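Chains as they are written, first to last, in my numbering: chain A, 292 to 731; chain B, 292 to 731.
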């Protein structure tokens, strides 16, 4: 009976990779995970679906519009749109069972019904670490974050990247001094765009916001403070702004910069960037953005900051924290698009056992089992295809070794080991072949 | 300003673990992944959300009722309820880009809005492997599956488990011979329950279905065939049933059993079980269920089988396959509930660097960086707590080593390494401590 076929298709904005790309994606994901674990962060895996009331306790505006929200029976449900709100819920819910400072990482998919466009995903991986204090959290942890970013991007193979650091208290303290506190969020949003739109456009936006020339001059002078990290901190101290918040921010920034060096993060990999504000009104202290030096057009590839109170919508407990996030799906897309990662094929199997014809399959699968017992990822090709097709299969899957099984090999209890890259091959006992594969 | 708090809570039926359990869960998940990769399966990671039209092409009845289905804008969406339908979509969609036999694994969350009850989850992990042929697939792959199950459960630490194997063609061929073909699915559903409800209840259900005594006797005799795998296959041949399908089924089962031995799966870990039918009408050949010998009450912990046509709803291409699935969330729940896995605490950090007081934090974080540079997962405790509280923190997180930093240590550029299990401690150079930690 012929059925009408349904076109097999994937939703726009949902990343779905071919196996060779999935292998590379997973490799990056795993390296990020191992980097986070290097610092002792504990794994979490919260549900993708939550009560809307819980998930949207804080949300509003743009975020809320993007939520995948629906009813199942009488229950109003939403898909998580980040990993921070689930963390807040989690810490408030299991507070009594956790040890503080609570260091957790979570790597998982989140959902935002954004307008579909190239490089923007509706389902995407976030890779988060956060350190949550119970009541307070030492500023020193703010210096651990750049060390984590540094370790992670080095493990991913990068050398030329810059972690940009600022402190929101500096900005807020300055606005206070300028009597612009009530316009702070708007000003921060404008400052945040300076890289994108340039100084003149920023000044224009300040004017539109009703700032006078004196205020604009101070803010722009401030943004344009230059020099080394230490020189910038010195310049800030000399600006003559004396609100408590400003002074605390400068002090915190100084502490963080000093300690980053203790963490042995090289000077070339971090800097003070006073224009970094992070759009969100969520952050209250240190903020971070990370740029690949040769690909600044990608925007920040790892961002985050310090917040005063993680879970205020759920609990009276004060839970300050500091954390960062890597938007992995977008990052992976960009790395490919810009050819930043070489399109090097990687394989899961290290060996394909390929019998010359089907009568040798039984010996082939015995050999395959032996190789696996020696911890070598091994696939045995059992389909009745021409030998050439079996080699082509190994080649397509980038499997580096083919173990050829002919009649002589089966008779002599041997194998012919073929290196698919060099083309070399030699006939060996299985044990010898095993050793050779493992040694290379 | 005091806000009204929203109660932080997780949906019923959604597994959410404390860190110490999450570590164990992830360890099992990773062992399954590594086992699948040992056989060369390629990773896939398809979206959680799909077009309802695509996902529900085949679904009906109970399954469809359980689906999380909703609209976003004008688009009718559903959350995946297994990993097989997404695989079918994927293979049909990317057919031209794949190499066959296409061996893939996928480990991911799936969603079923089941009635919430202990041990039943609405969001749960499935861990699937499938081997898909293009047009045909060698029966020999059916024998690889028990080898995969064996390898996986051995890697998980189990020894006493039994892979039960049957072939649906045997059952279907018998029904044909008994003129019961049109009642085959109902009969299979009843046979499937024999372990649960017993022989008498099964006979009763057969009667209710309108079977005559002769038919019932043949079926029950058949189910009760006993002995070794080889004896059972011999008994089947001697039943005198001569439909082609029955004979083909017996032959396939014989081939699979013969080859399982070539794969070196021990006799104690597999058997022919003619009562295994798998409820689904999806399977057409070999079927598998796996039981822990000492915990049969858990039901099958790993099941699957051979199917004739993976993606018939999407493509005219004939894509036969064979695969299995482990329902990890339920399995993990059961392992804990039955105390099958010891509640052994595992840590992410191998070392906690604990300064005696806060003035030593800077030296502590330098030591931490050195340990990490030597590939040791290390957390530095930077909060201003009593030293005892820092030790308690290490203890709670089951971190096996504490590196104690006192004034003398900082002055002499040394550390005191404390083994948290034995209680032993000694003062060493950082390099010596590193070596010691790595050697143990």
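Beta carbons: idealized from backbone N, C-alpha and C, even for Gly.
Everything numeric in this text was worked out from a predicted model, so none of it was measured.
*Pull out every residue of the stretch 396-418 of chain A whose Cβ sits closer than 7 Å to any Cβ of chain B, in chain order.*
400, 404, 414
*Check distances from the C-beta atoms of the stretch 648-673 of chain A to those of chain B and list, in chain order, the residues that come in under 7 Å.*
652, 653, 656, 657, 660, 663, 668, 669, 670, 673
*For residue 397 of chain A, count neighbouring Cβ atoms within 10 angstroms of its own Cβ and tell me buried if that reaches 16, exposed if not.*
buried
*Can a CB atom of chain A be found closer than 7 Å to the CB of residue 677 of chain B?*
no
_Contacts that residue 467 of chain A makes with chain B (C-beta to C-beta distance below 9 Å)_ = Within 9 Å Cβ-Cβ: nothing; residue 467 of chain A doesn't reach chain B, min ~19 Å.
*Leaving aside the five residues before and after residue 541 of chain B along the sequence, list all residues of the same chain whose C-beta is less than 7 Å from its C-beta, in chain order.*
461, 524, 527, 528
*Where residue 605 of chain B and residue 425 of chain B are concerned, what is the direct C-alpha to C-alpha distance, given to the nearest angstrom?*
15 Å
*Going by Cα to Cα distance, which pick from A/378, A/343, A/493 is closest to residue 363 of chain A?*
A/343
*Check residue 504 of chain A in the structure and name its three-state DSSP category.*
helix
_Interfacial residues, the stretch 316-349 of chain B to chain A, with Cβ spacing under 8 Å_ = 316, 317, 328, 329, 330, 331, 332, 333, 334, 335, 336, 337, 338, 339, 340, 341, 342, 344, 345, 348
_residue 719 of chain A, DSSP secondary structure in three states_ = strand
*Can you tell me whether DSSP reads residue 537 of chain A as helix, strand or coil?*
helix
*Expressed to the nearest angstrom, what Euclidean distance is found between the alpha-carbon atoms of residue 589 of chain A and residue 545 of chain B?*
59 Å
*Look up residue 561 of chain B in the DSSP assignment and say whether it is helix, strand or coil.*
strand
*Just mark residue 383 of chain B as buried or exposed, buried being the case when its beta carbon has 16 or more other beta carbons within 10 Å.*
buried
*Per-residue contacts from residue 432 of chain B into chain A (C-beta, under 9 Å)*: 673, 674
*Please state whether DSSP places residue 709 of chain A in a helix, a strand or coil.*
strand
_Please list, in chain order, the chain B residues whose beta carbon lies closer than 9 Å to that of residue 606 of chain A._
296, 299
*Spell out whether any CB of chain A is found under 7 Å from the CB atom of residue 447 of chain B.*
no
*So who's on the other strand from residue 368 of chain A, going by DSSP bridges?*
A/342, A/361
*Check the Cβ-Cβ distances between residue 731 of chain B and every residue of chain A, and say whether any is below 7 Å.*
no
*Tell me where the beta strand (DSSP E) around residue 397 of chain A begins and ends.*
393-402
*Would the stretch 375-382 of chain B and the stretch 385-393 of chain A be scored as touching if the rule is three or more Cβ pairs under 8 Å?*
no
*Check the DSSP bridge columns for residue 480 of chain B and list the partner residues they point to.*
Per DSSP, none; premise fails for residue 480 of chain B.
*Kindly say whether residue 640 of chain B, judged by its beta-carbon, lies nearer than 7 Å to any beta-carbon of chain A.*
yes
*Run down chain B in chain order and give the residues with a C-beta less than 7 Å from the C-beta of residue 625 of chain A.*
Near residue 625 of chain A there are no residues of chain B at all, since even the closest Cβ is about 18 Å away, more than 7 Å.
_I'd like the span of the alpha helix (DSSP H) that includes residue 700 of chain A, first residue to last._
698-703
_Between residue 429 of chain A and chain B, is the shortest Cβ-Cβ distance under 7 Å, so that the two count as touching?_
yes
_Proximity to residue 661 of chain A [Cα-Cα], best of A/611, A/720, A/445, A/650_ = A/720
*Inter-residue spacing [alpha-carbon to alpha-carbon] between residue 454 of chain B and residue 630 of chain B*: 22 Å
*Does residue 720 of chain B get closer than 7 Å to chain A when you measure Cβ to Cβ?*
no
*Would you be able to state if there are at least three C-beta pairs under 8 Å between the stretch 634-642 of chain A and the stretch 463-472 of chain A?*
no
*Per the contact definition of three or more C-beta pairs closer than 8 Å, is the stretch 682-700 of chain A in contact with the stretch 311-326 of chain B?*
no
*asked:* What would DSSP say about residue 664 of chain A, mapped onto helix, strand or coil?
replied: helix
_Inter-residue Cα distance where the pair is residue 299 of chain B and residue 406 of chain A_ = 30 Å
*For residue 330 of chain A and residue 668 of chain B, the rounded distance between their alpha carbons*: 6 Å
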